[in-house]
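Chains as they are written, first to last, in our numbering: chain A, 27 to 254; chain B, 27 to 254; chain C, 27 to 254; chain D, 27 to 254.
Take a look at the structure below.
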């Protein structure tokens, strides 16, 4: 069985927030591990490249890169090599986050390179059609971000639920195996519970945790909410 | 009914070949029209942006842009606006050609913009998985280019046919309507006939026509082959 | 002598504005030609790719593409070939507009390709240091857009003049020949006059003309202002 | 005085070579440190992002990132933040390597962001004109790669020396302070000596060291050659 793929699954994207850079990234990782150990809920984290090795040395929860490039070892200065991320201890990688979008063929190639190197792929999509397209590429995990929810401050629990259920339904028609996360507007335990009720198997969050006054408390709330 | 969507369909991509630039592009367009009129087979052409208006004034066959950008009217210097292509007389546009690849979300947006402006979308994919992904985005036409066929000089009629039939089957599971073209390795009438036998509804060709000593003769051969 | 390089020089960028697309682009081009003929001031225009041929057939003033790609004839679907633009009648091209920015080496290559094809290069830069960098690449014309002026609504005549004079001075230290245009905040004749007083040899404008109620009247005002 | 800016300067780019990934990257870094300590010649290294922290904890020689993105802390998933690299212990970063080229304005912005974060900028240019352009952006260090030397296997000591001396002369006309490295074709001590004789202050090397059977020996040869 693939380590880290236990569901429900919460992945915290550290982005390039200063609150989650360097030493602070390690501290935040430890809080995520504490919440995971106490609740037995799977919590993964996606720190910046330079922090991966330090963090995988400090915690036992799944660590994801935020991106890898679709390249093999060689002359690719400045690129992110799957093997490098793997050796640093990562278990997987985000791919095609809305802030680091890829060409379609590069998403496809990157999923393949991740798999060849034993890395889990977590591919983002920002639209129902795009979600089906991503599902067709057979990643391990996908994060759907219904446009109705992104940046509006409207939590999934209050937005039109049919957008999420509709996307899940479309995805499941062509891919039964992919783990589906809900990726926008998650700030409270209620949002996490709602995401699961609507058919997803977890959430991808960022500022809701990283920018919280008490990230540990919010992570506990999220993890507890998966048990309702 | 959508003009230009009669199948079998042959689309000739003029690329940026000098043999298909300016006056020579107009001459080649006329040859394509002649072959189409004589055979009653639908032949479309995709010239360079600057040649579209002249060509749509000279011939009656469907003309496609080679690319449009996912932008609306406004401050987008150097971009290709759907409305501009439409007013120049184009009926559609290629999208995501392997030489002009787009981000997944841009393919999705560009198909939408094409539709809003009454332009047919012809989206390229270079891999079975990517083909299913493209089909999920619901373009009018898609061109699949099995990697076994690209640039190898091996015509589809001699390559492993199961690659093409397999891709068609996968696409049809999620999209019954899209017109599927075969997009690589087409140089002879036999290749066109083989592409149709394997379940596609036409071909996307470039050098096989543009670089031919007698493009009209080859186009006639292609068109005739669709009737076998 | 290079046609179109008479100074002072006014270049109108049509961008992808609907007011300057298709037939409206041709009408606007004629107004620019009328203002140029009446005032004997050099006015160039930069329409969209698909409108170039129609416009060069309708007017005698210099026509520029908004962009070309650094490619040679060949397999470059969706790219803008210098030879295509040239055959459509363009005399030059904008390069590296802030809305279509290029890698440094591509700016360099594109200037070379323009020159090889007898096209004038008009390269944009949005910063004093970047302006010196562009000057080092030896384009025919460059448009400097002091950041103090872009999108602020503050005309050059009221902004700190030392930004413009300083940039001109820096550029002239390494390039005596390049024609320097001022490229932001130009909406009135006073702005044009101020740009010339500060050491530039003309202006690159867009919305100030295209979005004007009476583009011809504003162009006349601009052209007249160059004679103060 | 800026640590690491002692000249002559040798920088070893680890690229994404497996021979310089993870543990092997640390081993190679130690060899570089040994050669530097024994010869008193300044040797810097540019490992992959995920290896920076481990390496800066293991050696005292200057460590450079291979790239940073021109972004500030915030929502930039998958980007490389200057602050992250800095906290991992890097002293600087390569910028615009030919395998990770940037838009002109991004090179400019990235140099500024590096400076604000106390990181040295090492900017690459692959052409005499582009070298002058880069010099205009005032980086701390620049690496010029005369096209005559890239990938030809012809060492700088045998190539036409006037290409290097000409580039250095052009650069010095507008920038007296930038440290100029020679960045291609360096495989032997003779090449290093030749690069210095022609007016550069060091070399940027990659496969010549990383792929060598005995990287330490070659580094010693390079370092010793700077003293001729």
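For each residue, glycine too, the CB sits at the ideal point set by N, CA and C.
All values reported here derive from a predicted model rather than from experimental measurement.
- Taken in chain order, the members of the segment 153-174 of chain C whose beta-carbon sits within less than 9 Å of a beta-carbon on chain D are 153, 155, 156, 157, 158, 159, 160, 161, 162, 163, 164.
- Annotation: the segment 195-242 of chain A contains the following complete segments of the beta strand (DSSP E) (minimum length 3 residues), in chain order: 205-208, 228-231.
- Around the C-beta of residue 243 of chain A, fewer than 16 other C-beta atoms lie within 10 Å, and the residue is accordingly described as exposed.
- Scanning the segment 104-160 of chain C from its first residue to its last, the whole beta strand (DSSP E) runs of 3-plus residues come out as 118-121, 146-151.
- Not a single C-beta of chain A is nearer than 8 Å to the C-beta of residue 63 of chain D.
- With a beta-carbon spacing of about 16 Å, residue 105 of chain D and residue 103 of chain A fall beyond the 8 Å limit used to define contacts.
- Taking a beta-carbon distance threshold of 8 Å, residue 113 of chain B counts as an interface residue toward chain C.
- About 7 Å separates the Cβ atoms of residue 130 of chain A and residue 127 of chain B, confirming a contact at the 8 Å cut-off.
- If you look at residue 169 of chain B, you'll find it isn't in any alpha helix (DSSP H); it sits in the beta strand (DSSP E) that goes 167-170.
- For residue 103 of chain A, the nearest CB of chain D lies under 8 Å from its own CB, placing it at the interface with that chain.
- From the listed residues D:39, D:82, D:95, the smallest Cα separation to residue 56 of chain D is found for D:82.
- In the structure shown, residue 40 of chain A adopts coil according to DSSP, grouped into three states.
- Put simply, of C:167, C:162, C:226, C:133 the residue whose alpha carbon is nearest the alpha carbon of residue 191 of chain C is C:226.
- DSSP places residue 62 of chain C inside the alpha helix (DSSP H), whose first and last residues are 49-65.
- Listed in chain order, the positions of the segment 180-202 of chain A with a beta carbon within less than 7 Å of a beta carbon of chain D would be empty, since no residue qualifies.
- For residue 84 of chain B, there is no enclosing beta strand (DSSP E); the residue is found in the alpha helix (DSSP H) stretching over 78-84.
- With at least 16 other beta carbons inside 10 angstroms of its own, residue 164 of chain A counts as buried.
- When the beta-carbon positions are compared, residue 108 of chain D and residue 94 of chain D come within less than 8 Å of each other.
- Only those residues of the segment 125-142 of chain A whose C-beta falls short of 7 Å from the nearest C-beta of chain B are listed: 127, 128, 129, 130, 131, 133, 134.
- Classified as buried, residue 120 of chain C has 16 or more neighbouring CB atoms from the shown chains inside 10 Å of its CB.
- With contacts defined by Cβ atoms closer than 8 Å, residue 189 of chain C and residue 197 of chain C do not form a contacting pair.
- Using a CB distance cut-off of 8 Å, residue 39 of chain C does not count as an interface residue toward chain D.
- Against chain A, the beta carbon of residue 241 of chain D has no neighbour under 7 Å; the closest one sits roughly 17 Å away.
- Counting only Cβ-Cβ distances below 9 Å, residue 48 of chain C has contacts in chain B at 79, 109, 110, 112, 113, 114, in chain order.
- Residue 61 of chain B places its beta carbon 8 Å or farther from that of residue 89 of chain B.
- In the DSSP secondary-structure assignment, residue 31 of chain B is not bridged to any residue.
- Counting only the Cα atoms, residue 74 of chain B lies some 17 Å from residue 149 of chain B.
- The distance from the Cβ of residue 228 of chain A to that of residue 99 of chain A is about 32 Å, inconsistent with a contact at the 8 Å cut-off.
- In the DSSP assignment, residue 69 of chain D forms a beta bridge with D:36.
- Put simply, the CB of residue 213 of chain B is far from chain C, with every gap to its CB atoms at 8 Å or more.
- Of all residues in the segment 86-98 of chain B, only 92, 93, 97 place a beta-carbon less than 7 Å from a beta-carbon of chain C.
- The straight-line gap separating the alpha-carbon atoms of residue 193 of chain B and residue 71 of chain D is approximately 47 Å.
- The beta-carbon of residue 145 of chain B is placed no less than 8 Å from the nearest beta-carbon of chain C.
- Rounded to the nearest whole angstrom, the C-alpha separation of residue 254 of chain A and residue 36 of chain A is 15 Å.
- One Cα belongs to residue 122 of chain C, the other to residue 138 of chain C, and the distance between them is close to 14 Å.
- Interface residue (Cβ-Cβ distance to chain B less than 8 Å): residue 106 of chain C is classified as such.
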